[in-house]
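Asks: In our numbering, the protein residues as written are 85 to 505.
All residues carry an ideal CB built from backbone N, CA and C; glycine is no exception.
First the structure, which I've put down as structure tokens, then a few questions once you've had a look.
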């Protein structure tokens, strides 16, 4: 009940903060399409609050010529068709120049292909990691409007494979969500894992929101695997893990980034996860990291700053805000052109928070580039809107996620190159 009341109150707060009647005539509205409910609801709630915090800091620093950025936040319900409907309303009716979202790839991809790319509207995803998004860019199908503040699963799959081998997980079964994210993550992982000497005993896809996953868990036990690689989201993932454990599956797990979740651990039971390992898109610590970790929990009403998608959602909001300031108006084409200029290697380093944003606004007013160094570290985008960065290596210990190491982008690239020889 407490959880239900928290989510209900939070959603009401998000709706209230986005109410158009609060916006002045000169204010600029940015659309947020976030997974506030459904299997990825935990991510979207954290992400929406992070963007709000970035906009709060930016507005208090002076905003765009004294005008504020406001959000119109919509719930995708973790479903692509719902997301497309909400994004269409934001673009066609609200005339937003930017959409931040979605969180998961199965939401971001249909928004991009059906709404933002055709309309030329900027889209920034904080956490969608599917390699399909890179492929769309390479194929010229994104109109150059898509950016993301998370590394691609093409890299994370390799990092996860090496981490598994390094921890003695050499004979795995795989259960994965049957969507673009899950299929691509497993493909990249499997290619690397096999070449590194691992054995995959079975690969079992699952469809979301089932009441039971006993059949999938039973199927995955064929071949006597020593551990389970579970590519999922917290709610369904917990149901699958419980079915795996109750069916006699080994209590050893490899987990994807989204399973770095207190909700997942609590639902499964910490006592069953003492040999659970995982990878996440990592961070390179900056002054922004310190600021965010010190201020986010109080702002968000109790969400922890290490919640999945929280850190990189603040960065998505900050980059959008600074780009709008650089553009000087809520024009999609101008904002798209401005994004590289606010993360420019030639610019003066800028960090998160009111004082740093005020410094950035002064530089922008002088026509100078800035280099936003975010909560996740310095950010720069390639021609496909992708970033590179390290990977965080973690395990569950005494019911908590504990960072145990880091795999650099160079190390992942070297591993990938070595196995492709």
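Can you tell me which residues form a DSSP beta bridge with residue 258?
Replies: The sequence position of residue 258 within the chain shown is 174, counting from 1. According to DSSP, residue pairing for residue 258 in a beta bridge involves 287, 313.
Asks: Looking at the structure shown, is residue 456 part of a helix, part of a strand, or coil, going by DSSP?
Replies: On the chain shown, residue 456 is found 372 positions in, with the first residue counted as 1. Looking at residue 456 - three-state DSSP - the assignment turns out to be strand.
Asks: Might you give, ordered along the chain, the residues of its own chain that have their beta carbon closer than 7 angstroms to the beta carbon of residue 366, omitting 5 neighbours on each side?
Replies: Sequence index remark: in the chain shown, residue 366 carries index 282 (1-based). 473, 474, 475, 476, 490.
Asks: Start and end of the beta strand (DSSP E) containing residue 31?
Replies: The structure shown has nothing for residue 31, since the chain only spans 85 to 505.
Asks: Per DSSP, which residues does residue 481 bridge with? Please list them.
Replies: Position 397 of the chain shown, counted from the first residue, corresponds to residue 481. 484, per the DSSP bridge assignment.
Asks: Which runs of the alpha helix (DSSP H) spanning at least 4 residues fall entirely within the segment 180 to 254, listed in chain order?
Replies: 189 to 195, 215 to 222, 237 to 250
Asks: What's the C-alpha gap between residue 182 and residue 167?
Replies: The sequence position of residue 182 within the chain shown is 98, counting from 1. The sequence position of residue 167 within the chain shown is 83, counting from 1. Each residue's Cα considered, the two are about 15 angstroms apart.
Asks: Hey, quick one: how far does the alpha helix (DSSP H) through residue 269 stretch, first residue to last?
Replies: Working through the chain shown from its first residue, we reach residue 269 at position 185. Element bounds for residue 269: 264 to 279.
Asks: So the alpha helix (DSSP H) residue 350 belongs to, where does it begin and stop?
Replies: Start at 1 with the first residue of the chain shown, and residue 350 comes out as number 266. Counting along the chain, the alpha helix (DSSP H) containing residue 350 begins and ends at 346 to 352.
Asks: Output the distance between the C-alpha atoms of residue 206 and residue 416, rounded to the nearest integer angstrom.
Replies: The count along the chain shown starts at 1 and reaches residue 206 at position 122. The count along the chain shown starts at 1 and reaches residue 416 at position 332. Distance between the alpha carbons of residue 206 and residue 416 is about 6 angstroms.
Asks: Start and end of the alpha helix (DSSP H) containing residue 172?
Replies: Within the chain shown, the letter at position 88 stands for residue 172. Element bounds for residue 172: 164 to 176.
Asks: For the alpha helix (DSSP H) containing residue 445, name the first residue and the last one.
Replies: Your numbering for residue 445 matches position 361 in the chain shown. Element bounds for residue 445: 438 to 449.
Asks: Please list the terminal residues of the continuous alpha helix (DSSP H) segment that includes residue 465.
Replies: Stepping through the chain shown from its first residue, residue 465 is reached at position 381. Element bounds for residue 465: n/a, residue is neither H nor E.
Asks: Helix, strand or coil: which one does DSSP assign to residue 360?
Replies: Here residue 360 is taken as the residue at index 276 of the chain shown, counted from 1. It is a strand residue.
Asks: Buried or exposed: residue 432, going by 16 or more other Cβ atoms within 10 Å of its Cβ?
Replies: Taking the first residue of the chain shown as position 1, residue 432 is located at position 348. So residue 432 ends up on the exposed side.
Asks: What are the boundary residues of the beta strand (DSSP E) that includes residue 137?
Replies: The residue you call residue 137 lines up with position 53 of the chain shown. Taken as a continuous stretch (DSSP letters only), residue 137 belongs to no beta strand (DSSP E), being part of the alpha helix (DSSP H) at 125 to 145.
Asks: Can you tell me where the beta strand (DSSP E) with residue 323 in it begins and where it stops?
Replies: Looking up residue 323 in the chain shown gives position 239. No beta strand (DSSP E) contains residue 323, which is instead part of the alpha helix (DSSP H) from 318 to 330.
Asks: Taking buried to mean at least 16 other C-beta atoms within 10 Å of its own C-beta, is residue 88 buried or exposed?
Replies: The residue given as residue 88 occupies position 4 in the chain shown. Reliability of the predicted coordinates at residue 88 is poor, the pLDDT of 40 falling under 50, and no value is obtained from them.
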